[in-house]
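Structure record follows, encoded as structure tokens.
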Amino acid sequence: MAKVVIYTIVVILLLSLSIVFPKIGASAPNLLFLLSVVYAFRKDDSDYLWLAFFSGLALDLYTNTFLGIFALSFLVVAFIINYTTRTFFSSDLSFVYIGVIVTLAYLLVVGLVYILNSISSRFGTSLPISGEYLTVKIWLDLFLNLVFVAPMYLLSLFNDRIINYYSKDEGSF
Amino acid sequence: MRSNRQLGVFSLLIFLGLVLLVLSINGLSRPLQSTGVQPSRPLVYIFSGIGNSFKSFFSYFSSVNSVNKKNAELSEQVRKLQQENVALQQYRLENEKLKDELEYRQKTAHNLVSATVLGKDPSGFSQSLVLNIGSGSGIKVGAAVLSQGYLIGKIISVDSFTSKVLLVTDPQSTIDAQISATGDNGIVRGSYGSGMIIENLSQSAVVNTNDRVMTAGLSSEIPKGLLIGNIGQLQSQKSDLLQKATVISGVDLKNLEFVSVIKE
Numbered sequence: 001m002a003k004v005v006i007y008t009i010v011v012i013l014l015l016s017l018s019i020v021f022p023k024i025g026a027s028a029p030n031l032l033f034l035l036s037v038v039y040a041f042r043k044d045d046s047d048y049l050w051l052a053f054f055s056g057l058a059l060d061l062y063t064n065t066f067l068g069i070f071a072l073s074f075l076v077v078a079f080i081i082n083y084t085t086r087t088f089f090s091s092d093l094s095f096v097y098i099g100v101i102v103t104l105a106y107l108l109v110v111g112l113v114y115i116l117n118s119i120s121s122r123f124g125t126s127l128p129i130s131g132e133y134l135t136v137k138i139w140l141d142l143f144l145n146l147v148f149v150a151p152m153y154l155l156s157l158f159n160d161r162i163i164n165y166y167s168k169d170e171g172s173f
Numbered sequence: 174m175r176s177n178r179q180l181g182v183f184s185l186l187i188f189l190g191l192v193l194l195v196l197s198i199n200g201l202s203r204p205l206q207s208t209g210v211q212p213s214r215p216l217v218y219i220f221s222g223i224g225n226s227f228k229s230f231f232s233y234f235s236s237v238n239s240v241n242k243k244n245a246e247l248s249e250q251v252r253k254l255q256q257e258n259v260a261l262q263q264y265r266l267e268n269e270k271l272k273d274e275l276e277y278r279q280k281t282a283h284n285l286v287s288a289t290v291l292g293k294d295p296s297g298f299s300q301s302l303v304l305n306i307g308s309g310s311g312i313k314v315g316a317a318v319l320s321q322g323y324l325i326g327k328i329i330s331v332d333s334f335t336s337k338v339l340l341v342t343d344p345q346s347t348i349d350a351q352i353s354a355t356g357d358n359g360i361v362r363g364s365y366g367s368g369m370i371i372e373n374l375s376q377s378a379v380v381n382t383n384d385r386v387m388t389a390g391l392s393s394e395i396p397k398g399l400l401i402g403n404i405g406q407l408q409s410q411k412s413d414l415l416q417k418a419t420v421i422s423g424v425d426l427k428n429l430e431f432v433s434v435i436k437e
């Protein structure tokens, strides 16, 4: 129960922060994406899947895309990250590895969002995302995401400490 | 065992995501979206306030620093006054924005509905806003959205209590436009780099810096004569078949708080 409440609060807080986050040019870090990625690295249970799905869904509410596009994209990327990390890297993860994975994951999310939105736009009324995004601002977005990986990692550790603290309390009752 | 459970959860969520996507494509997810936006509304307000306080906080420190150098004895007093000023400045700015909006509303012949900006697109994939009014207030898709008399975008989706605005600076936004001084027609398109660009102007068109760019009223939703901005810099060469130039909006599209929507 504590876990669900804390994850919900964190997602809503990060969504609110993302909405008011000052943009550099037209770019800003995607905090909910980073949260999903960090949890996909760290978690062995299925928590990271729920978190990735609902983080994406939170983004879907405020974007022009169809509902579910970010949710599905985040979910698929989180699953791939978790699978590759558990399968190929058993020791401590290096910064280089995390940087490479965040970069690839972001490019994959962008690709998935584009593809899903383009397919969906054929069946329903929604604007396709501009192709100008790929050429102009994606690289600055990517850089800002890499800068914010470490703070999000620390946030995830902090969350776990709070969850452990409250879970003990729940157990004692 | 653990992997099987993860695979099960993954499959379940993929199914759920696809169901939501299909519902959304068929326009059946609007109530869900409208309800989903509500829990984050108070927090967005709070964070906007904190964000503004941070901006004021840093400008406050830089000013106190210079005051300290000039007069160390008065620094404490200045700090207190500055703190009060920060709050007052926010009220003044809010007041000015509301006054500007009201002034335009009194002048215009259009039937306007006031709206507060709830948030902007957090994904960064588009430039859009979420407003606190929807179909319940008579808002329709395609309606023009204004701020201080300038066209800032048009409504692209509406549900009962909220609506989404595609800003004129989004690359997907295109508006039929006219240079008011000469009557030359063109298309104003959003651009990530330059904000807005007016293009498709004929080679014979006379384009001068600071000329006003208005809506041409060729589409049914956006009325003629709404101010979009002023001509900035000519971007085309003499050899180009058609001319284009940047258009500068008179309002700061990154810091919108109150807007008006034209109701038919």
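Residue numbers (the numbering used here), protein chains in the order written: chain A, 1 to 173; chain B, 174 to 437.
The beta-carbon is built from N, C-alpha and C at its ideal position, and this holds for glycine as well.
Fair warning: this is a prediction, and the values are worked out from it, not measured in the lab.
Closer than 7 Å at the C-beta level to chain B, one finds these residues of the segment 77-89 of chain A: F79.
About 6 Å separates the beta carbon of P396/B from that of G390/B, a gap short enough to meet the 8 Å contact definition. As the crow flies, the alpha-carbon of G402/B is around 12 Å from that of Q321/B. Per DSSP, A288/B is one residue of the beta strand (DSSP E) stretching across L285 to K293.
In this structure, the straight-line span from the alpha carbon of P22/A to that of N64/A is close to 20 Å. Taking C-beta separations shorter than 6 Å and ignoring five residues to either side along the sequence, the partners of I421/B in its chain run G402, N403 and G405, following chain order.
Beyond the five residues adjoining it in sequence on each side, N383/B comes within less than 8 Å, by CB distance, of N403 and I404 in the same chain, given in chain order. The shortest C-alpha to C-alpha distance from A58/A to any of R42/A, S46/A, D45/A and L75/A is the one to L75/A. Annotation: the continuous beta strand (DSSP E) that includes G326/B extends over Y323 to V331. With its beta carbon less than 8 Å from one in chain B, T63/A belongs to the interface. Residues of chain B with a Cβ closer than 7 Å to the Cβ of N30/A are, in chain order, S296 and G297. Shown here, F334/B sits in coil according to DSSP, grouped into three states, outside any helix or strand. Counting other Cβ atoms within 10 Å of its Cβ, F54/A reaches 16 or more and is therefore classed as buried. In the structure shown, G368/B adopts extended strand secondary structure according to DSSP, grouped into three states. Taking the beta carbon of I6/A as reference, no residue of chain B falls within 9 Å; the closest one sits roughly 15 Å away. Our two residues, I24/A and G423/B, have alpha carbons roughly 20 Å apart in a direct line. In this model, V77/A and V37/A are separated by some 8 Å (Cα to Cα). Taken through DSSP and simplified to helix, strand or coil, L374/B comes out as strand.
Between Q406/B and chain A, the shortest Cβ-Cβ separation is not below 8 Å.
Membership of K3/A in the alpha helix (DSSP H) is indicated by the continuous run A2 to V20. For F70/A, the CB contacts under 6 Å within the same chain, skipping 5 residues up- and downstream, are G56, L59 and D60 in chain order. In this structure, I348/B sits away from K337/B, with a CB-CB distance that is not shorter than 8 Å.
For S27/A, at least one C-beta of chain B is nearer than 8 Å to its own C-beta.
Of S207/B, V259/B and Y323/B, the smallest CA-CA separation from L67/A is found for S207/B. Within the same chain, V77 come within 6 Å of L108/A by CB-CB distance, once the 5 residues on both sides are set aside. The shortest C-alpha to C-alpha distance from L399/B to any of S287/B, L302/B, V434/B and G209/B is the one to V434/B.
DSSP places A40/A inside the alpha helix (DSSP H), whose first and last residues are L31 to R42. DSSP, reduced to helix, strand and coil, places S176/B within a helical segment of the structure shown. With a cutoff of 8 Å on beta-carbon distance, V318/B and V195/B are scored as not near each other. Against chain B, the beta carbon of A2/A has no neighbour under 7 Å; the closest one sits roughly 19 Å away. Taking C-beta atoms as the reference points, I325/B and L426/B count as a pair closer than 8 Å. Per DSSP, the continuous beta strand (DSSP E) segment holding F431/B begins and ends at F431 to I435. What R178/B touches in chain A, judged by beta-carbon distance under 7 Å, is S46, going in chain order. By the 16-neighbour rule on beta-carbons within 10 angstroms, F95/A is exposed. Sequence-ordered contacts of the segment 94-115 of chain A with chain B read V113 [C-beta pairs closer than 7 Å]. Relative to the Cα of F79/A, the nearest Cα in the group Y62/A, Y97/A and L51/A belongs to L51/A.
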